[in-house]
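Participant: Have a look at this one before I ask anything.
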Amino acid sequence: MINFHPQLAHLRAFAEGTCPTNLALMISAHVDMCPRCQALTTQAQEELSAEVFAAPVDSVVVEQDFKDMMLQITQTADFEPARVQPVSNLLELDGRHFALPRALARYTRKTGNWSRLVGKLWQAPVDLGQEGQANFIYMEKGGRVPEHTHKGTEFTLVIDGQFSDGLADYDCGDFTIMDGSNKHMPFSEADEGCLVFTMVDKPLHFTSGLARLLNPFSQLFFK
Amino acid sequence: MLVGIPLESKHSNAVVPKDCADEMSAYLALVGQARCKRSFAEVFNYFAPRLRSYALKQMGNEALAMELVQDTMSNVWQKSRLFNADKGAPSTWIFTIARNIRFDMLRKQRNRKEDICADDLWPILCEQTADVNEVALDDQVILQELGQLFDELPQKQRVVIEAIYIEGKSQQEVADQLSIPLGTVKSRTRLALQRLKEMLKDND
Ligand SMILES: [Zn+2]
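Chains as they are written, first to last, in the working numbering: chain A, 2 to 224; chain B, 28 to 231.
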């Protein structure tokens, strides 16, 4: 069951089209998985459209422009042919297939090879054509990311399975935002492990024991 | 070809979107089903000026604002059959289209290699969702079939049918335009529809 949702302010900015693109992609994927946030987004869109179109109209000047515009529009050819491109939304790791939410389906083709990291972790980078970096991270059962905090912001969406991090337990569809004020240690004890989609704008900062040795290299992975 | 389309809408300034939602839904349905230009004019006259106010605020200059209005209303014209009144009001649908176009316009302005586009984030106009998908495909097949059958109609009947069902003209307007009696338009329409019906039956 989904317990961690985007903040209402973020959902509204998403509905408005004004939140940063990275965050919008995470929210869009969460909304694909979450009926509650689907309903909230729809509601926000209704409210926004009511506000936008209720504003008084400045009826001067452009009447001729509008006439021309309407003429042009209605003279355009008929329907564009419906281009239906079925995109496979299955992400493969080691013979297992994970169904991605709609918003992420296209990244099945933009995901680099899986590499095996320390601690029963797998990572596959995703090219978003954006600043910051996105990864699919798969934790096998018993897999763990060493305790760390964040130099920037870390978005995480659970795609499959469950994990915990010492702060809470997360289920499929849960979405979290962590920053420098959060220290955590993600691990999965689920039999089927856990697949998450993450974005970070700056490297993680490892805080405990030997893992601190990872810090100089942390931009090589976990970023 | 826009003869007879009123450019002054009766929905001038005061009417808020929810008060004309049902009416606008009906117009959109007619645009979707019959490419009715008269209905489109109603939708256009109500929403285009309102979109312009929104667009001016968002884009900050007149040229870009009008581009946003035009792209939005073009989508409304072209994709009206994707509008589903059960899922929300016309104003909400049109707002979401404008939002998506605004997003993509700003993205292009930034001119970075960003390739996350509005359709990925808010799939309102994609034909990907299952139910929309099936309908769109079905309609397309029907449209294609109809298109072929249309070509087989006698020229005189075809002109009348296209004027009425595609351009949304009244029979009287067609009569005026072609300078033929109203009765002739009516009988050509009847004959053409009969013929189309027979052809569809034969096709099965
Ligand atoms: Zn949610």
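Using N, Cα and C, we set each Cβ at its ideal position, and we do this for glycine too. These numbers were taken from a predicted model, which means no experiment stands behind them.
Hey, Glu47/A and Thr119/B: beta-carbon distance below 7 Å or not?
Facilitator: For Glu47/A and Thr119/B, yes; Cβs fall inside 7 Å.
Participant: By the three-class DSSP mapping on this structure, what secondary structure does Leu29/B have?
Facilitator: Interpretation of Leu29/B is limited by its pLDDT of 40, a score under 50 that renders its predicted location unreliable; the figure taken from the coordinates is listed afterwards. Three-state result, Leu29/B: coil.
Participant: For Glu17/A, name the three-state secondary structure that DSSP assigns.
Facilitator: Helix, per DSSP.
Participant: Between the Cα of Glu193/A and those of Pro36/A, Gly133/A, Ile160/A, spot the shortest distance and give me the residue it belongs to.
Facilitator: It is Ile160/A whose Cα lies nearest to the Cα of Glu193/A.
Participant: According to DSSP, simplified to helix, strand and coil, what is Thr99/B?
Facilitator: DSSP places Thr99/B in helix when its eight states are reduced to three.
Participant: Evaluate the contact criterion for the segment 90-99 of chain B versus the segment 2-15 of chain A: three or more CB pairs, one atom per stretch, below 8 Å.
Facilitator: With the cut-off at 8 Å, the segment 90-99 of chain B and the segment 2-15 of chain A do not touch.
Participant: Considering only residues of the same chain and omitting the five flanking positions on each side of Leu41/A, which have a CB-CB separation below 6 Å?
Facilitator: Taken in chain order, the residues that qualify are Leu12.
Participant: Arg117/A by DSSP, collapsed to three states: which one?
Facilitator: Arg117/A falls in the strand class under three-state DSSP.
Participant: Are any of the Cβ atoms in chain B nearer than 7 Å to that of Phe198/A?
Facilitator: Answer no: the Cβ-Cβ gap between Phe198/A and chain B never drops below 7 Å.
Participant: Given a threshold of 16 other Cβ atoms within 10 Å of its Cβ, counted over all protein chains shown, does Thr77/A qualify as buried or as exposed?
Facilitator: With fewer than 16 Cβ atoms within 10 Å of its Cβ, Thr77/A is classed as exposed.
Participant: Measuring straight from C-alpha to C-alpha, what distance separates Ile28/A and Thr19/A?
Facilitator: In a straight line, the C-alpha of Ile28/A is about 12 Å away from that of Thr19/A.
Participant: Please report how far the alpha carbon of Val58/B lies from the alpha carbon of Arg222/B, in whole angstroms.
Facilitator: For Val58/B and Arg222/B, the distance between alpha carbons rounds to 25 Å.
Participant: Is any beta-carbon of chain B found at less than 7 Å from that of Ala56/A?
Facilitator: Output row for Ala56/A: interface = yes.
Participant: Which residues of chain A have a Cβ atom closer than 7 Å to the Cβ of Leu223/B, listed in chain order?
Facilitator: Chain A residues near Leu223/B: none, gap ~18 Å exceeds 7 Å.
Participant: Helix, strand or coil: which one does DSSP assign to Arg62/B?
Facilitator: Arg62/B: coil per DSSP, three-state reduction.
Participant: Do His151/A and Met179/A have their C-beta atoms within less than 7 Å of each other?
Facilitator: Contact flag set, yes.
Participant: Of the residues that make up the segment 121-136 of chain A, which ones have a beta carbon closer than 7 Å to any beta carbon in chain B?
Facilitator: Answer in chain order: Leu129, Gly130, Gln131.
Participant: Quick check on Tyr98/A: buried or exposed, where buried means 16 or more other Cβ atoms within 10 Å of its Cβ?
Facilitator: A quick correction: the sequence has His, not Tyr, at residue 98/A. His98/A comes out exposed.
Participant: Residue range of the beta strand (DSSP E) that Leu94/A falls in?
Facilitator: Leu94/A -> beta strand (DSSP E) spans 91-94.
Participant: Taking Cβ-Cβ distances shorter than 7 Å, what residues in chain B pair up with Leu49/A?
Facilitator: By Cβ distance, chain B contributes Phe122.
Participant: List, in chain order, every chain A residue whose beta-carbon is nearer than 8 Å to that of Arg185/B.
Facilitator: Correct list: empty, because the minimum Cβ distance to chain A is about 15 Å.
Participant: Using the three-state DSSP reduction, which class does Asp183/A fall into: helix, strand or coil?
Facilitator: In the sequence as presented, Asp is not what sits at residue 183/A; that position holds Asn. Coil, per DSSP.
Participant: Starting from Asp69/A, follow the alpha helix (DSSP H) in both directions and report where the run begins and ends.
Facilitator: 64-76 is the extent of the alpha helix (DSSP H) around Asp69/A.
Participant: Of all residues in the structure, which have a C-beta closer than 6 Å to any heavy atom of ligand 1, taken in chain order?
Facilitator: For ligand 1, the selected residues are Ile3/A, His6/A, His31/A, Cys35/A, Arg37/A, Cys38/A.
Participant: Any beta carbon from chain B within less than 7 Å of Gly18/A's own beta carbon?
Facilitator: It does; some Cβ of chain B falls within 7 Å.
Participant: Cβ of Leu122/A within 7 Å of Cβ of Gly144/A?
Facilitator: Taking 7 Å as the Cβ cut-off, Leu122/A and Gly144/A qualify as a contacting pair.
Participant: Would you kindly report the start and end of the unbroken beta strand (DSSP E) that includes Asp147/B?
Facilitator: Run containing Asp147/B: none in the beta strand (DSSP E); it sits in the alpha helix (DSSP H), 145-148.
Participant: Where do the N-terminal and C-terminal ends of the beta strand (DSSP E) with Arg97/A fall, by residue?
Facilitator: Taken as a continuous stretch (DSSP letters only), the beta strand (DSSP E) holding Arg97/A covers 97-100.
Participant: Where does Phe110/B fall in DSSP's three states?
Facilitator: Of the three classes helix, strand and coil, the one that applies to Phe110/B here is coil, per DSSP.
Participant: Thr154/A CB to nearest chain B CB: under 7 Å?
Facilitator: So no, Thr154/A is outside the interface.
Participant: Just to confirm the assignment, what range does the alpha helix (DSSP H) spanning Thr154/A have?
Facilitator: Looking at the DSSP string, Thr154/A is not in any alpha helix (DSSP H), and its letter there is neither H nor E.
Participant: Could you say which of Ala25/A, Ala55/A, Ala104/A, Leu168/A lies nearest to Lys184/A if we only look at CA atoms?
Facilitator: Residue Leu168/A is the option with its Cα nearest to Lys184/A.
Participant: By Cβ distance below 6 Å, which residues in the same chain neighbour Ala112/B in space, the five residues on each side in sequence not counted?
Facilitator: Once the five neighbours on either side are set aside, the close Cβ partners of Ala112/B are Ser52.
Participant: In the DSSP assignment, find the alpha helix (DSSP H) that holds Ile121/B and state where it starts and stops.
Facilitator: Counting along the chain, the alpha helix (DSSP H) containing Ile121/B begins and ends at 117-137.
Participant: Compute the Euclidean distance between the alpha carbons of Pro7/A and Arg62/B, then round it to the nearest angstrom.
Facilitator: Each residue's Cα considered, the two are about 41 Å apart.
Participant: Val201/A and Gln131/A look like a contact to me (Cβ under 8 Å); what is the Cβ gap, rounded to whole Å?
Facilitator: Contact flag wrong, Cβ pair sits at about 12 Å.
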